[in-house]
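Here the structure comes first, spelled out in structure tokens, and everything after it is commentary.
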Amino acid sequence: MNIILFGPPGAGKGTQSKYLVNKLNAFQISTGELLREEINKKSAIGMAIKNDMNNGNFVSDEIVNKLIKNLVFDPQKKDKLIFDGYPRTLSQARNLNLLLETSNQKIDLILFLNVDKETIIKRIEKRKMIEKRHDDESSTILKRYDTYMKTTQPVLNFYSENPNFKEINGSLEIDEITRKIDTFLNV
Ligand code: AMP
2 MNIILFGPPG AGKGTQSKYL VNKLNAFQIS TGELLREEIN KKSAIGMAIK NDMNNGNFVS
62 DEIVNKLIKN LVFDPQKKDK LIFDGYPRTL SQARNLNLLL ETSNQKIDLI LFLNVDKETI
122 IKRIEKRKMI EKRHDDESST ILKRYDTYMK TTQPVLNFYS ENPNFKEING SLEIDEITRK
182 IDTFLNV
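So for the sequence shown, my numbering puts the first residue at 2; every next one is plus one.
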């Protein structure tokens with residue numbers, strides 16, 4: 002099964018991705034993680050994206066599309082892809098469709114974790130106490146939420162036509178969200 006987890010920062014995509022990875026013996030593709038790795042490695046990509054990431058801006062489609070390409074084509078990961086934080090723009094969504102088509106795959110489930118701004122701010126404030134991420138400063142959180150809302154609406158429209166699109170109330174407790182996700186898995 003290939004699954005897309007969709008939702009604003011702090012919606013619980015990472016937590017639910019990890020659940021799905023264990024349950025389905027699948028692979029998480031978190032573009033946020035991949036980008037943070039590039040920064041830590043101080044690679045050319047890392048240097049190019051550092052400012053945008055720290056300011057809560059999106060990284061260019063070109064860079065993100067390049068990072069996921071080999072993962073989609075990896076035969077070991079075929080039909081076991083859990084996308085966390087990708088696609089986030091219409092161009093990324095179209096690119097993903099193309100990559101999947103070319104590698105003879107499809108999206109089986111699109112989970113939209115819908116959550117209001119207040120809940121997100123509270124969650125990220127809590128996460129800040131556990132792990133230190135440069136882009137978790139309060140002003141950046143709001144910027145990231147606004148960027149998300151502005152840029153991802155067309156992606157939402159693009160996928161909401163798909164019969165495999167499922168909206169879940171992301172303000173629920175983690176376990177409740179997991180239970181809802183379970184009802185959509187035909188395993
Ligand atoms: P995340 O860990 O998914 O919350 O992502 C952290 C940051 O990485 C975002 O605020 C963006 O700056 C960048 N990022 C992650 N995924 C993408 C993507 N698909 N497109 C553009 N930027 C991304």
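By construction, the Cβ of each residue, glycine as well, lies at the ideal position given by its N, Cα and C atoms.
Here Leu-186 carries a coil assignment [DSSP, helix/strand/coil]. Annotation for Lys-81: no alpha helix (DSSP H) segment contains it, and DSSP assigns it neither H nor E. In this model, Ile-46 and Thr-184 are separated by some 39 Å (Cα to Cα). Cβ contact annotation for Ile-122 (same chain, cutoff 7 Å, sequence separation greater than five): Ile-142, in chain order. Around the beta carbon of Thr-153, a 10 Å sphere encloses 16 or more other beta carbons of the protein chains shown; the residue is thus reported as buried.
Distances between the C-beta of Met-48 and the heavy atoms of ligand 1 are all 7 Å or more. In this structure, Leu-110 sits near Ile-4, with a CB-CB distance shorter than 8 Å. With contact defined as three or more Cβ pairs closer than 8 Å, the stretch 165-181 and the stretch 87-95 are not in contact.
DSSP, read as helix, strand or coil, puts Ile-169 in strand.
Ranked by Cα distance from Leu-100, the first of Lys-181, Val-73, Glu-168 and Lys-19 is Val-73. Shortest gap from the CB of Met-150 to any heavy atom of ligand 1: 7 Å or more.
Per the coordinates, the alpha-carbon of Asn-56 lies some 19 Å from the alpha-carbon of Ser-44. Taken in chain order, the complete alpha helix (DSSP H) segments of 4 residues or longer contained in the stretch 22-87 are 32-42, 45-55 and 62-74.
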